[in-house]
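Engineer: Chains as they are written, first to last, in the numbering used here: chain A, 8 to 369; chain B, 545 to 844. C-beta: ideal position from N, C-alpha, C; glycine also.
#1: Does residue 546/B come within less than 8 Å of chain A when only Cβ atoms are used?
#2: Between residue 616/B and chain A, is the shortest Cβ-Cβ distance under 8 Å, so that the two count as touching?
#3: Could you check what DSSP says for residue 747/B in three-state terms: helix, strand or coil?
#4: Can you check which of these residues, 146/A, 265/A, 152/A and 240/A, is closest to residue 170/A by C-alpha distance?
#5: Would you decide whether residue 586/B is buried or exposed? Buried here means 16 or more other CB atoms lie within 10 Å of its CB.
#6: Given a limit of 7 Å on CB to CB distance, which residues of the region 77-88 of chain A reach chain B?
#7: In chain order, what residues of the same chain have a beta carbon less than 7 Å from the beta carbon of residue 294/A, not counting five sequence neighbours either side?
#8: Just the Cα atoms here: how many angstroms apart are residue 898/B and residue 627/B?
#9: Kindly provide the ranges of any alpha helix (DSSP H) runs that are 4 or more residues long and lie completely inside the region 192-270 of chain A, ordered along the chain.
#10: Restricting to runs no shorter than 4 residues, where is the alpha helix (DSSP H) found entirely within the region 48-106 of chain A?
#11: Does the beta carbon of residue 740/B come closer than 8 Å to any beta carbon on chain A?
#12: Could you check whether the Cβ of residue 814/B sits closer than 8 Å to any Cβ belonging to chain A?
#13: Taking residue 239/A as the query, report the chain B residues whose CB atoms sit under 9 Å from its CB, ordered along the chain.
#14: Quick one: complete beta strand (DSSP E) runs, 3+ long, within the region 128-190 of chain A?
#15: In the DSSP assignment, the alpha helix (DSSP H) including residue 765/B goes from what residue to what residue?
#16: In chain B, which residues lie less than 9 Å from residue 265/A when you measure between Cβ atoms?
#17: Using DSSP bridges, identify the partner residues of residue 26/A.
#18: Leaving out five residues on either side along the sequence, give the residues of the same chain with a beta carbon under 7 Å from the beta carbon of residue 22/A.
#19: Taking a contact to mean a Cβ-Cβ separation below 8 Å, would you say residue 53/A touches residue 212/A in this structure?
#20: Beta-carbon of residue 95/A versus every beta-carbon of chain B: anything under 8 Å?
#21: What does residue 153/A touch in chain B if you count any residue whose Cβ is under 9 Å from its own?
#22: Got a sec? Which residues, its chain only, sit under 6 Å from residue 106/A by beta carbon, not counting five neighbours each side?
#23: Give me, in chain order, the residues of the same chain whose beta-carbon lies closer than 7 Å to that of residue 678/B; leave out the 5 immediate sequence neighbours on both sides.
#24: Quick check on DSSP: helix, strand or coil for residue 787/B?
#25: Given residue 364/A, which residues of its chain have a CB within under 6 Å of its CB, disregarding the five upstream and five downstream residues?
#26: For residue 545/B, which residues from the same chain have a beta carbon less than 6 Å from its beta carbon, with the 5 sequence-adjacent residues on both sides left out?
#27: Hey, could you find the ends of the alpha helix (DSSP H) residue 585/B is sitting in?
#28: Please classify residue 767/B as buried or exposed, where buried requires at least 16 other C-beta atoms within 10 Å of its C-beta.
#29: Short of 7 Å Cβ to Cβ, which residues in the region 724-735 of chain B face chain A?
#30: Give the secondary structure of residue 335/A by DSSP, where H, G and I count as helix, E and B as strand, and everything else as coil.
#31: Out of 89/A, 259/A and 206/A, which has the shortest C-alpha to C-alpha gap to residue 242/A?
#32: Is the Cβ of residue 579/B closer than 8 Å to any Cβ of chain A?
#33: Please compile the residues from chain A whose C-beta is within a distance smaller than 7 Å of the C-beta of residue 756/B.
#34: Taking the alpha carbon of residue 822/B as the reference point, which residue from 701/B, 741/B, 792/B and 810/B has its own alpha carbon closest?
#35: Show which residues of chain B have a CB atom less than 7 Å away from the CB atom of residue 57/A.
#36: For the ligand FAD, is there any heavy atom lying closer than 7 Å to the beta carbon of residue 143/A?
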């Protein structure tokens with residue numbers, strides 16, 4: 008258990024700035040997920056924390072100690088890789104004990120710790136096997152075990168579930184959460200999978216272009232995305248975006264669609280006082296739209312529905328609004344006519360409004 | 545199209561594809577003829593080595609020996625004259641082994657460590673170093689000969705087995721490094737990262753993790769080095785010294801000794817004896833060799 012503090016970190020590869028003056032304070036025992044698209048710098052950040060990359064500027068502190076130039080083994084970290092990275096010519100036991108042997112831990116202590124890790128991860132029957140004889144899920148357990156035996160303060164996960172099939176991924180995800188609760192270790196987890204991010208994290212750091220765009224609880228990230236990028240990246244299917252202008256009259260704010268239709272935004276909490284005529288983007292999540300019931304305070308969007316996509320528990324209805332694709336999530340038993348033109352209801356308090364050019368939340 | 549048989553299973557219909565067609569026969573015929581063509585010199589050598597000189601003088605190159613005898617082989621092995629000594633080429637064979645074993649071990653050891661360092665640790669200037677190393681491989685040997693002679697005599701290694709081993713190791717370095725670097729480039733970098741997080745240092749990761757994975761490429765490297773160093777003539781002649789001439793140099797002395805009649809049977813026997821080691825290596829390891837080269841090509 009340790010705090011991790013990243014201060015003004017910069018990493019350059021040649022002329023390419025991969026991380027730009029990045030700050031991140033992680034509390035003791037916290038589960039932080041770094042979420043972002045490929046190439047956003049999340050894996051680079053993790054490798055830097057692990058000590059596998061030289062930083063260009065800034066500092067990394069782990070457990071109150073400046074470890075910026077420490078060797079990976081002296082940082083009190085364990086790392087789990089997407090490709091498992093098990094040592095192919097060693098048995099599971101050999102894989103688990105390699106780090107302890109390197110640290111010259113006495114033999115009986117090694118045996119004790121390997122046995123304990125194997126028990127926690129339920130891989131006791133596999134100890135004598137080679138990695139090639141294990142399934143993907145078993146391999147990833149062994150990889151986690153390799154960090155576990157070393158009693159590290161900080162666990163680093165680099166997309167650990169991406170190589171597993173959907174069912175195993177769900178299983179291991181739950182197990183990881185359980186493991187975090189049992190151990191109480193600080194964990195930093197890199198993924199591009201938003202479900203993993205939202206389910207596992209205490210706080211999610213959404214990254215793009217080498218900077219952290221938003222660092223907040225999963226709920227906050229989902230409910231109040233700080234930028235259009237975060238809003239679009241988190242949530243599936245993606246948030247619906249409608250471009251238009253803000254309209255303010257008699258102190259009441261509204262959103263003006265391109266065709267002149269006014270959408271009442273009473274109830275929306277603006278970050279900055281709304282300016283009349285400002286170009287903006289209205290964002291509404293598919294699951295925040297209701298086609299049947301109009302709740303008190305709800306506003307109306309005129310939507311043309313074109314296609315119904317049943318998904319079991321619920322269905323997606325695809326349509327069009329102001330020339331853009333618009334999707335609505337409805338109950339799996341509900342029925343809608345397609346094609347048809349309907350009124351879609353949403354609560355302005357749940358919606359998001361972004362500046363059209365900067366993408367910042369208004 | 546499928547048709548139902550009596551027991552209800554669906555059977556494939558239509559004629560079975562023929563396993564061996566006329567095209568195949570043509571390919572085999574071509575391969576057999578090529579093989580025979582390339583085996584002719586070997587046949588002539590073996591046949592000649594088993595004939596006495598009287599029979600050879602008749603000039604029937606392809607005729608089988610009338611009374612085969614191994615006299616020429618015995619003479620080549622233990623009595624043929626190489627310059628002034630008439631101890632046969634077995635002296636050269638011992639010298640060749642004394643040069644070969646340490647040269648092969650040393651060049652593979654140095655090349656594998658260099659390749660490992662270049663592909664995983666990437667010290668500053670690694671790429672420049674590698675480029676220079678490769679460039680060195682393309683410069684004709686002859687350019688280096690005189691400076692090397694001077695250097696070796698300065699450190700008193702000239703005309704000695706350690707001297708020629710040193711030269712073989714240096715000249716093997718570019719190829720060995722290239723081979724191992726490309727092989728290690730095919731090993732996932734995560735494996736190396738995991739070992740570093742686990743506290744492995746330069747040597748621990750190399751010896752415990754990388755070497756056990758390197759068997760295929762070590763075999764390829766060994767084959768290349770064994771055949772290359774065994775067949776070497778130039779370095780042996782220049783750097784080994786009169787006492788330590790390898791088999792190839794001795795063979796040349798046997799074949800080119802200029803007094804009396806040319807003993808073709810002895811020459812042939814001596815040549816085959818000299819070629820035995822690389823021949824043996826190819827026969828035993830041909831499969832490994834192709835596999836190693838192919839895997840390097842795909843992964844590297």
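Structural biologist: Reading it off the structure:
#1: Taking the second chain and counting its residues from 1, one reaches residue 546/B at position 2. For residue 546/B, the pLDDT reaches just 49, beneath the cut-off of 50, and the residue's location in the model is therefore unreliable, although a value from the coordinates is still provided. False, the Cβ-Cβ gap to chain A never drops below 8 Å.
#2: Here the question's residue 616/B lines up with position 72 in the second chain. For residue 616/B, no CB of chain A lies under 8 Å from its own CB, so it is not counted at the interface with that chain.
#3: Taking the second chain and counting its residues from 1, the one referred to as residue 747/B is at position 203. Correct three-state label for residue 747/B: helix.
#4: Residue 170/A sits at position 163 when you count from the first residue of the first chain. With distances taken between Cα atoms, residue 170/A lies closest to 146/A.
#5: Your numbering for residue 586/B matches position 42 in the second chain. Counting Cβ neighbours within 10 Å, residue 586/B comes out exposed, since fewer than 16 surround it.
#6: If the cut-off is 7 Å between Cβ atoms, the region 77-88 of chain A has 79, 80, 84, 85, 86 and 88 near chain B.
#7: Working through the first chain from its first residue, we reach residue 294/A at position 287. Within the same chain, residue 294/A has close Cβ partners 336.
#8: No information on residue 898/B is available, as it lies outside the stretch 545 to 844 that chain B covers here.
#9: Within the region 192-270 of chain A, the complete alpha helix (DSSP H) runs of at least 4 residues fall at 201-207, 225-230 and 235-240.
#10: Segments of the alpha helix (DSSP H) lying fully in the region 48-106 of chain A: 49-57.
#11: Position 196 of the second chain, counted from the start, is the residue given in the question as residue 740/B. Residue 740/B counts as touching chain A.
#12: Residue numbering aside, residue 814/B sits at position 270 when the second chain is read from its first letter. Taking a beta-carbon distance threshold of 8 Å, residue 814/B does not count as an interface residue toward chain A.
#13: The residue given as residue 239/A occupies position 232 in the first chain. Neighbours of residue 239/A on chain B: none; closest Cβ ~30 Å, over 9 Å.
#14: Inside the region 128-190 of chain A, DSSP marks whole beta strand (DSSP E) runs of 3 or more residues at positions 161-165, from first to last along the chain.
#15: In the second chain, residue 765/B corresponds to position 221, counting from 1. Where residue 765/B is concerned, the enclosing alpha helix (DSSP H) stretches over 759-775.
#16: One-based indexing of the first chain puts residue 265/A at position 258. Residues of chain B passing the Cβ test: none, with the nearest at roughly 49 Å.
#17: Residue mapping note: residue 26/A aligns to position 19 of the first chain, counting from 1. DSSP lists 18/A as partners of residue 26/A.
#18: Locating residue 22/A in the first chain gives position 15, counting from the first residue. Within the same chain, residue 22/A has no close Cβ partners at all.
#19: Position 46 of the first chain, counted from the first residue, corresponds to residue 53/A. Position 205 of the first chain, counted from the first residue, corresponds to residue 212/A. Contact check for residue 53/A against residue 212/A fails: the beta carbons are separated by 8 Å or more.
#20: Along the first chain, one-based indexing puts residue 95/A at 88. With 8 Å as the cut-off, residue 95/A counts as an interface residue toward chain B.
#21: Position 146 of the first chain, counting from 1, holds the residue named residue 153/A. 738, 741 and 742, listed in chain order.
#22: Counting from one through the first chain, the residue named residue 106/A turns up at place 99. Apart from sequence neighbours up to five positions away, the residues of its chain that approach residue 106/A with a beta-carbon distance below 6 Å are 157, ordered along the chain.
#23: The count along the second chain starts at 1 and reaches residue 678/B at position 134. Its chain contains 718 and 722 as the residues whose beta carbon lies nearer than 7 Å to that of residue 678/B, once the 5 sequence neighbours on both sides are disregarded; these appear in chain order.
#24: As a working mapping, residue 787/B is identified with position 243 in the second chain. Residue 787/B: helix per DSSP, three-state reduction.
#25: For the purposes of this step, residue 364/A is taken as the residue at position 357 of the first chain. Answer for residue 364/A: no residue qualifies.
#26: Here residue 545/B corresponds to residue number 1 of the second chain, with the count starting at 1. In this predicted model, residue 545/B has a pLDDT of only 46, less than 50, meaning its place in the structure is not dependable enough to derive any value.
#27: Stepping through the second chain from its first residue, residue 585/B is reached at position 41. Following the DSSP letters along the chain, one finds residue 585/B inside the alpha helix (DSSP H) bounded by residues 566-593.
#28: Translated into the one-based positions of the second chain, residue 767/B becomes position 223. That one is buried.
#29: Residues are counted here when their Cβ sits less than 7 Å from a Cβ of chain A; for the region 724-735 of chain B these are 732, 734 and 735, given in chain order.
#30: Within the first chain, numbered from 1, the residue matching residue 335/A stands at position 328. If DSSP states are grouped into helix, strand and coil, residue 335/A belongs with the strands.
#31: The residue labelled residue 242/A in the question sits at position 235 within the first chain. For residue 242/A, the closest of 89/A, 259/A and 206/A by C-alpha to C-alpha distance is 206/A.
#32: Here residue 579/B refers to the residue found at position 35 of the second chain. By this cut-off, residue 579/B is not an interface position.
#33: Counted from its first residue, the second chain places residue 756/B at position 212. Residues of chain A whose Cβ lies closer than 7 Å to the Cβ of residue 756/B are, in chain order, 96.
#34: By one-based count along the second chain, residue 822/B stands at place 278. Considering only alpha carbons, the answer is 792/B.
#35: Along the first chain, one-based indexing puts residue 57/A at 50. Those within 7 Å of residue 57/A in chain B are 741.
#36: The ligand FAD is not part of the structure shown, which contains no ligands of any sort.
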